[in-house]
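J.: Numbering (the numbering used here), first residue to last: 8 to 518.
1) For residue 429 and residue 493, what's the separation of their Cα atoms in angstroms?
2) With a 10 Å radius around its C-beta and 16 neighbouring C-beta atoms as the bar for buried, classify residue 379 as buried or exposed.
3) Give the DSSP-derived three-state secondary structure of residue 481 in the structure shown.
4) Take residue 256 as the anchor and find which of 138, 281, 111, 272 has the nearest alpha-carbon.
5) Taking contact to mean at least 3 C-beta pairs separated by less than 8 angstroms, is the region 257 to 271 in contact with the region 395 to 409?
6) Could you give the distance in angstroms between the alpha-carbon of residue 108 and the alpha-carbon of residue 456?
7) With contact counted as at least three CB pairs below 8 angstroms, one residue from each stretch, are the region 222 to 229 and the region 278 to 286 in contact?
8) Between which residues of its own chain and residue 10 is the CB-CB distance below 6 angstroms, once the five residues before and five after are set aside?
9) Express the C-alpha separation of residue 101 and residue 52 in angstroms, rounding to a whole number.
10) Could you spell out where the alpha helix (DSSP H) holding residue 502 opens and where it closes?
11) Check each candidate in 234, 125, 316, 150 and name the one with the smallest Cα separation from residue 601.
12) Since residue 212 contacts residue 259 with CB under 8 angstroms, what's their CB separation in whole angstroms?
13) So residue 510 and residue 284 are supposed to be a Cβ contact under 8 angstroms. How far apart are they, rounded?
14) Just grab the DSSP bridge partners of residue 324 for me.
15) Which residue comes first and which comes last in the alpha helix (DSSP H) that contains residue 415?
16) Got a sec, what are the start and stop residues for the alpha helix (DSSP H) residue 461 sits in?
17) Might you give, ordered along the chain, the residues of its own chain that have their beta carbon closer than 6 angstroms to the beta carbon of residue 24, omitting 5 neighbours on each side?
18) To the nearest angstrom, report how far apart residue 73 and residue 223 are at their CA atoms.
19) If we count Cβ pairs, one from each stretch, closer than 8 angstroms, do we get three or more for the region 499 to 518 versus the region 366 to 378?
20) Expressed to the nearest angstrom, what Euclidean distance is found between the alpha-carbon atoms of residue 328 and residue 341?
21) Going by alpha carbons, who is nearest to residue 196 out of 17, 176, 34?
22) Is the region 358 to 370 in contact with the region 413 to 422, if contact means three or more CB pairs nearer than 8 angstroms?
23) Does the separation of the CB atoms of residue 296 and residue 426 fall below 8 angstroms?
24) Roughly how far, in whole angstroms, is the beta-carbon of residue 147 from the beta-carbon of residue 209, given that I think they are within contact range, below 8 angstroms?
25) Between the Cα of residue 273 and the Cα atoms of 93, 180, 478, 293, which residue gives the shortest distance?
26) Can you give me the Cβ contacts of residue 244 inside the same chain, cut-off strictly under 6 angstroms, excluding the 5 residues immediately before and after it?
27) Our contact map puts residue 449 next to residue 267 with C-beta atoms below 8 angstroms; I'd like the distance itself, whole angstroms only.
28) Alpha carbon to alpha carbon, how far is residue 145 from residue 27?
29) Please state the DSSP three-state secondary structure of residue 344.
30) Given a cut-off of 8 angstroms on the beta-carbon distance, is the pair residue 309 and residue 336 in contact?
31) Taking residue 21 and residue 98 to be in contact with their CB atoms under 8 angstroms, please state how far apart those CB atoms are, rounded to whole angstroms.
32) Quick check on the burial criterion: 16 or more other C-beta atoms within 10 angstroms. Buried or exposed for residue 453?
33) So with Cβ pairs under 8 angstroms, would you call residue 145 a contact of chain C?
34) Nearest CA to the CA of residue 88: which residue from 371, 121, 61?
35) Locate the beta strand (DSSP E) running through residue 430, then write down its first and last residues.
36) Enumerated in chain order, which unbroken segments of the alpha helix (DSSP H) with a length of 4 residues or greater are wholly contained in the region 30 to 69?
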């Protein structure tokens, strides 16, 4: 059913937070999902666009200190025009829209035009920068007052000037937005109006992101330090005695994966706990899925096997996808786990066993070696396989070593496709962004299909050279062999072919 559109549109002025993809509010996500058009700023993390509908119109309205893609009057005009078309517009702004975000000005213009709007608060850049740098803005021993100040006062400014005479000594902690361009002059004014040259100062750029950098000094030397370090905008400046607590309280930059960009070549839904585990240790995750899991072209063999389930002695599940595909089809056919009574179950790996357990079935056998060869050895250890009937629900295309070897041992083997891997086209812009612009630190492959489809896209775009310096991780030897055949140097291949072992190995590699 198509969604009815209002006669006149609405604008959501959305605070997108400081940049970390999870420091955005649930209400903000709801508004993004509801929007027909999204205008986003330079400081609003592009990852938030993942929540937008596929038919959503995306407009970049970024502004930096020296370059404006769209000027403010143009942005206002777009908001008005789109809403008059009856469309819902999400205006995505970094931090909080009403704190140096010009959200108040945009809201004024919308009110003047009689356009409905909602202001969605966001985590302010200043408070997030302080938290991620380990600097309390207030503290009983150092400061009971804090002021947020704009440090970007140009000659064109028409509003009231910053009263440095009152602020310099009248407030415990000064938090200065957009202060890098005028750093030398702002520091001079603060000291000229009575603040001690030895007052601690911290500059925090790209706070909460993998690019976060923190530079500490005093009012007397911070400008020279910033020049020497080529410290550039965007950055927040914190002035006050509580900056001295950073040595004890900094935490984000000490995370073992802080600042590391890790590319997963599987879909977000398939990454699950693996990606969340890496994120908890500070990694920034990028998804470049190369395959999609879909039903097989035919269920004929599987359905026939299900009709005679009681005749099988063993069922071998080689992946969590095989478990899901098999169980989904079993339920679709009006049956359930009771039909597996009497069949012994083998799983390749603990993750597959866990997926099976979620369906209410406990694996009878988990080979130590998490691949087909391990299954063969484990089954042979159970006794003579002659006359044993074995069902292998699996991907439509897979290695034949398992069924072929079991047949050689005298078993009757039925291979039934329960899903297939369909190659996904990788957007060339995403490849360029991750491999060249952002320069990932690690690419993770979990299957030979991931490797081959990814490398085809890389070679097609002529980006093979961009892989130099990026580490490669593979979940196990089969995937590792596929990567080496494509000319990749594998830096990481855990002994146990599990996602948990892989994430632990990544922590050791960088930690």
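Heads up, the beta-carbon is just placed ideally off N, CA and C, and yes, glycines get one too.
T.: Let's see:
1) Counting from one through the chain shown, the residue named residue 429 turns up at place 422. Counting from one through the chain shown, the residue named residue 493 turns up at place 486. Whole-angstrom Cα-Cα distance: 20 angstroms.
2) Start at 1 with the first residue of the chain shown, and residue 379 comes out as number 372. Answer is buried; the Cβ neighbour count reaches 16.
3) Within the chain shown, residue 481 is the residue found at index 474, counting from 1. In this structure, residue 481 counts as strand in the three-state DSSP scheme.
4) If you number the chain shown from 1, residue 256 lands on position 249. Ranking 138, 281, 111, 272 by Cα distance to residue 256 puts 138 first.
5) Not touching, per the Cβ criterion.
6) Position 101 of the chain shown holds residue 108. Position 449 of the chain shown holds residue 456. Roughly 45 angstroms between the two C-alpha positions.
7) The region 222 to 229 vs the region 278 to 286: no contact.
8) Mapped onto the chain shown, residue 10 falls at position 3. Legend: pLDDT at residue 10 = 49, less than 50; position of this residue unreliable, value from coordinates given subsequently. Apart from sequence neighbours up to five positions away, no residue of its chain approaches residue 10 with a beta-carbon distance below 6 angstroms.
9) As a working note, residue 52 is residue 45 in the chain shown. As a working note, residue 101 is residue 94 in the chain shown. Going by C-alpha positions, residue 52 is about 8 angstroms away from residue 101.
10) To locate residue 502, count along the chain shown from 1; it is residue 495. Neither: residue 502 is in no alpha helix (DSSP H) and is coded neither H nor E.
11) What is shown of the chain runs 8 to 518, which leaves residue 601 out entirely.
12) On the chain shown, residue 212 is found 205 positions in, with the first residue counted as 1. On the chain shown, residue 259 is found 252 positions in, with the first residue counted as 1. Contact between residue 212 and residue 259 is ruled out by a C-beta separation of about 13 angstroms, above the 8 angstroms threshold.
13) Translated into positions along the chain shown, residue 510 becomes position 503. Translated into positions along the chain shown, residue 284 becomes position 277. With 8 angstroms as the limit, residue 510 and residue 284 qualify as a contact, their Cβ atoms being about 5 angstroms apart.
14) Residue mapping note: residue 324 aligns to position 317 of the chain shown, counting from 1. 354.
15) Here residue 415 refers to the residue found at position 408 when the chain shown is read from its first residue. Unbroken alpha helix (DSSP H) run through residue 415: 408 to 415.
16) For this step, residue 461 is matched to residue 454 along the chain shown. It spans 455 to 467 - the alpha helix (DSSP H) in which residue 461 sits, taken as one unbroken run.
17) Position 17 of the chain shown, counted from the first residue, corresponds to residue 24. Correct list, in chain order: 30, 31, 129, 130.
18) On the chain shown, residue 73 is found 66 positions in, with the first residue counted as 1. On the chain shown, residue 223 is found 216 positions in, with the first residue counted as 1. Reliability of the predicted coordinates at residue 73 is poor, the pLDDT of 49 falling under 50, and the value obtained from them is presented with this limitation in mind. Rounded to the nearest whole angstrom, the CA to CA distance from residue 73 to residue 223 is 25 angstroms.
19) These segments touch.
20) What you label residue 328 is simply residue 321 of the chain shown in a count that begins at 1. What you label residue 341 is simply residue 334 of the chain shown in a count that begins at 1. Their Cα atoms are separated by approximately 20 angstroms.
21) Start at 1 with the first residue of the chain shown, and residue 196 comes out as number 189. The shortest Cα separation from residue 196 among 17, 176, 34 belongs to 176.
22) At 8 angstroms Cβ cutoff, the stretches do not touch.
23) If you number the chain shown from 1, residue 296 lands on position 289. If you number the chain shown from 1, residue 426 lands on position 419. No. Outside cutoff.
24) For the purposes of this step, residue 147 is identified with residue 140 of the chain shown, where counting begins at 1. For the purposes of this step, residue 209 is identified with residue 202 of the chain shown, where counting begins at 1. In fact, because the Cβ distance is near 20 angstroms, the residues do not count as touching under 8 angstroms.
25) Here residue 273 refers to the residue found at position 266 of the chain shown. Out of 93, 180, 478, 293, 293 has the C-alpha closest to the C-alpha of residue 273.
26) Here the question's residue 244 lines up with position 237 in the chain shown. So the list reads 183, 186, 210, once near-sequence residues are dropped.
27) The sequence position of residue 449 within the chain shown is 442, counting from 1. The sequence position of residue 267 within the chain shown is 260, counting from 1. Indeed they touch by this definition, with Cβ atoms about 7 angstroms apart.
28) Working through the chain shown from its first residue, we reach residue 145 at position 138. Working through the chain shown from its first residue, we reach residue 27 at position 20. Spanning the two alpha carbons is a distance of roughly 23 angstroms.
29) On the chain shown, position 337 is the one that residue 344 refers to. If DSSP states are grouped into helix, strand and coil, residue 344 belongs with the helices.
30) As a first step, residue 309 is located in the chain shown; it is residue number 302 there, counting from the start. As a first step, residue 336 is located in the chain shown; it is residue number 329 there, counting from the start. Closer than 8 angstroms, so yes.
31) Numbered from its first residue, the chain shown carries residue 21 at position 14. Numbered from its first residue, the chain shown carries residue 98 at position 91. With a Cβ gap of about 6 angstroms, residue 21 and residue 98 count as contacting.
32) Here residue 453 refers to the residue found at position 446 of the chain shown. Residue 453 comes out buried.
33) Protein chains in the displayed structure number just one, and chain C is not present.
34) Walking along the chain shown from the start, residue 88 turns up at place 81. Closest by C-alpha distance to residue 88, out of 371, 121, 61, is 121.
35) Taking the chain shown and counting its residues from 1, the one referred to as residue 430 is at position 423. Start and end: 419 to 430.
36) For the alpha helix (DSSP H) assignment, the uninterrupted runs of no fewer than 4 residues enclosed by the region 30 to 69 are, from N- to C-terminal side, 33 to 41.
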